[in-house]
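Structure record follows, encoded as structure tokens.
2 protein chains.
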Amino acid sequence: MSNPVSADVLARRGVMLVIASPSGAGKSTLSRLLLQDPEFKDVSLSISVTTRKRRTSEVDGVHYHFRTVDEFNAMRERGDLLEWAQVHDNYYATPRAPVEQALIEGRDVLFDVDVQGTLQLYQTMRADMATVFILPPSIPELHMRLQRRAEDDAATINRRLKTALTEIRHWQDYDYVLVNDDLGRCYSELQGILRAERLKRTRREALHGLVDVLDRDLESLLAAQAARL
Amino acid sequence: MSNPVSADVLARRGVMLVIASPSGAGKSTLSRLLLQDPEFKDVSLSISVTTRKRRTSEVDGVHYHFRTVDEFNAMRERGDLLEWAQVHDNYYATPRAPVEQALIEGRDVLFDVDVQGTLQLYQTMRADMATVFILPPSIPELHMRLQRRAEDDAATINRRLKTALTEIRHWQDYDYVLVNDDLGRCYSELQGILRAERLKRTRREALHGLVDVLDRDLESLLAAQAARL
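Line order of the protein sequences matches chains D and V.
Take my numbering: the last position of the first sequence gets the number 229, and nothing is skipped along the way.
Take my numbering: the last position of the second sequence gets the number 458, and nothing is skipped along the way.
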């Protein structure tokens with residue numbers, strides 16, 4: 001074929017990509033690779049709303065949207081949050097507006113949410129989501145990776161391992177499952193998933209326009225042929 | 230990660246890949262590319278059962294499984310056919326056994342079936358299927374491609390165009406939709422779809438074994454840590 005269709009015919013709705021894994025299985029590395037990949041320059045990370053105090057190294061609107069508890073409650077009551085959680089004394093949430101704006105503009109959004117967050121997102125946004133769970137190849141490997149992070153003490157590692165057990169037990173809540181025994185292959189699999197998800201019929205709303213034209217032109221052609229017979 | 234898991238952990242169930250398009254939109258070329266691609270050497274074409282007479286150029290079991298009408302009816306009554314259709318005086322069908330064997334062995338099967346065949350396959354095999362519809366970029370392009378096939382007369386082309394209209398109106402019955410305005414890009418999209426479909430959690434049954442080991446090893450590690458605290 002040598003008849004390229006116009007770019008607007010190929011316009012599509014964005015993908016909500018959730019990557020989940022126990023700490024140490026490679027989620028952060030894979031997310032960073034994706035966000036730095038020139039092929040996926042339209043993918044952005046969802047920025048959470050939080051009520052926790054801003055650290056001096058953090059920038060409002062970049063690392064988090066920092067809000068007061070009153071502001072947070074008002075957002076929640078208005079339905080402006082796609083999912084939310086309380087962690088210790090602080091609230092965290094995914095704001096709805098930037099996600100919906102990105103989806104309409106055909107930009108994909110990457111989410112760093114846990115199992116509970118994923119299940120909450122499913123309740124309202126299932127059709128827009130593609131969810132990927134990353135499994136570690138073994139527990140000794142996972143443990144070694146957590147120990148290598150010099151900043152974490154034994155208690156932190158122990159807490160992360162406990163959380164890992166909960167997360168791993170929810171692996172069946174995800175659409176895709178990858179085993180991260182080889183980072184290169186695992187990243188290439190992640191790329192493939194996003195490429196394919198973008199081609200799903202439900203995301204290619206602009207194709208209705210192309211199909212309408214094909215249908216009309218085909219009817220005209222058949223009518224012209226019938227007149228000639 | 231540098232701890233490759235064994236190949237049996239990565240074993241998976243095969244994919245039933247349906248590629249559909251109006252005649253002339255590129256389905257045959259894309260299917261041939263896929264069947265010849267070294268990356269996808271485990272993909273095979275589903276061989277239909279038919280009651281029509283074998284042509285001298287055809288080999289039983291290669292082009293079709295040639296059967297008598299009685300044999301065909303017996304297969305149908307035993308539930309040995311995944312879908313079937315009557316075309317003029319002949320019957321055509323997809324036999325169940327080779328498909329199920331391939332799926333169990335982790336081999337993908339490519340199907341050349343029309344919309345009615347796809348809808349019949351959905352009734353029993355939906356979870357194993359990934360369906361792709363190929364749209365032509367325009368009707369003049371489609372018409373030109375049909376005319377270029379020197380062997381087809383005007384009546385055949387007219388019949389193909391009528392069928393094309395019916396097929397195109399069913400584009401929303403498919404999981405993925407591709408626009409074939411560039412064969413290279415379109416084939417690369419098809420490759421991406423198959424790569425991603427292979428990674429779906431529901432197809433990776435062998436991962437249950439890995440998760441059981443991870444769960445057990447993580448519980449042991451946490452128990453050992455608790456004993457030491």
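Each residue gets a CB set at the ideal place from its N, CA and C atoms; glycine is no exception.
Using beta-carbon positions only, say whether residue i and residue j come within less than 9 Å of one another.
i	j	result
D:L34	V:V406	no
D:D80	D:A102	no
V:G421	D:R204	no
D:Y174	V:R241	no
D:L45	D:S31	yes
V:L419	V:F340	no
V:A254	V:P324	no
V:V182	V:A322	Nothing can be reported for residue 182 of chain V: it is not among the residues displayed for chain V, which extend from 230 to 458.
V:V244	D:V179	no
D:I47	D:V69	no
Note the first and the last residue of the continuous beta strand (DSSP E) segment covering residue i.
i	result
D:I47	No beta strand (DSSP E) holds D:I47; DSSP gives it neither H nor E.
D:P136	Careful: D:P136 lies outside any beta strand (DSSP E) and carries neither H nor E.
V:L339	338-340
Under three-state DSSP, which class holds residue i?
i	result
V:H294	strand
V:Y320	strand
V:L423	helix
D:M1	Residue confidence for D:M1 is low, a pLDDT of 48 falling below 50, so the modelled location carries little weight and cannot support an answer.
V:V247	strand
D:K200	strand
V:L451	helix
V:R305	helix
V:V288	coil
D:A206	coil
D:Y174	coil
D:E83	strand
V:A456	helix
D:E11	With the sequence shown as reference, residue 11 of chain D is identified as Ala, and Glu is not the correct amino acid for it. If DSSP states are grouped into helix, strand and coil, D:A11 belongs with coil.
D:D212	helix
Relative to the C-alpha of residue i, which residue among the options is closest?
i	options	result
V:V440	D:I168, D:Y174, D:L194	D:I168
V:A359	V:L447, V:L350, V:P365	V:L350
V:Q376	V:Y416, V:S252, V:L394, V:H399	V:S252
D:I134	D:F40, D:D181, D:L82	D:D181
D:C186	D:D108, D:S21, D:A155	D:S21
D:L165	D:T68, D:E105, D:G209, D:L142	D:L142
V:R445	D:E151, D:R67, D:G106, D:P140	D:P140
V:R388	D:E83, D:L222, D:E58, D:D70	D:L222
V:E300	V:T280, V:L447, V:A435, V:E312	V:T280
V:Q454	D:A226, D:A154, D:S220, D:L207	D:A154
D:R107	D:E219, D:V213, D:E197	D:E197
V:D343	V:I248, V:V442, V:R457	V:I248
Residues of chain D with CB under 7 Å from residue i, in chain order?
i	result
V:Y403	R201
V:V435	Sequence check: residue 435 of chain V is Ala here, not Val. Correct list: empty, because the minimum Cβ distance to chain D is about 10 Å.
V:N387	Q225
V:I368	L214, D217, L218, L221
Starting from residue i, find everything on chain D with Cβ-Cβ shorter than 8 Å and list it in chain order.
i	result
V:D444	L165, I168, R169
V:E448	L165
V:K391	L222
V:V238	V179
V:L339	Here the premise fails: no neighbours, minimum Cβ distance about 17 Å.
Tell me where the alpha helix (DSSP H) around residue i begins and ends.
i	result
V:Y351	344-354
D:L33	27-36
D:L103	96-104
D:L161	154-168
Just the chain V side, please: which residues come within less than 7 Å of residue i by C-beta, in chain order?
i	result
D:L17	Within 7 Å Cβ-Cβ: nothing; D:L17 doesn't reach chain V, min ~12 Å.
D:E189	L428
D:R148	Residues of chain V passing the Cβ test: none, with the nearest at roughly 12 Å.
D:I193	A425, L428
Which residues of chain V have a Cβ atom closer than 9 Å to the Cβ of residue i, listed in chain order?
i	result
D:R32	In chain order: nothing, as chain V lies at least about 15 Å away.
D:R82	Note that residue 82 of chain D is Leu in the sequence shown here, rather than Arg. The contacting residues do not exist; D:L82 stays about 23 Å from chain V at best.
D:L119	Ordered by position in chain V, no residue passes the 9 Å Cβ test against D:L119, which lies about 15 Å from the chain.
Could you list which residues in chain V have their beta carbon closer than 8 Å to that of residue i, in chain order?
i	result
D:H243	Here chain D comprises residues numbered 1 to 229, so residue 243 of chain D is not present and cannot be evaluated.
D:P4	P366, D410, D411
D:V87	Going along chain V, no residue has its Cβ under 8 Å from D:V87, so there is no contact; the nearest lies around 21 Å.
What residues from chain D crowd round residue i, counting only those whose CB sits closer than 9 Å?
i	result
V:V291	Correct list: empty, because the minimum Cβ distance to chain D is about 30 Å.
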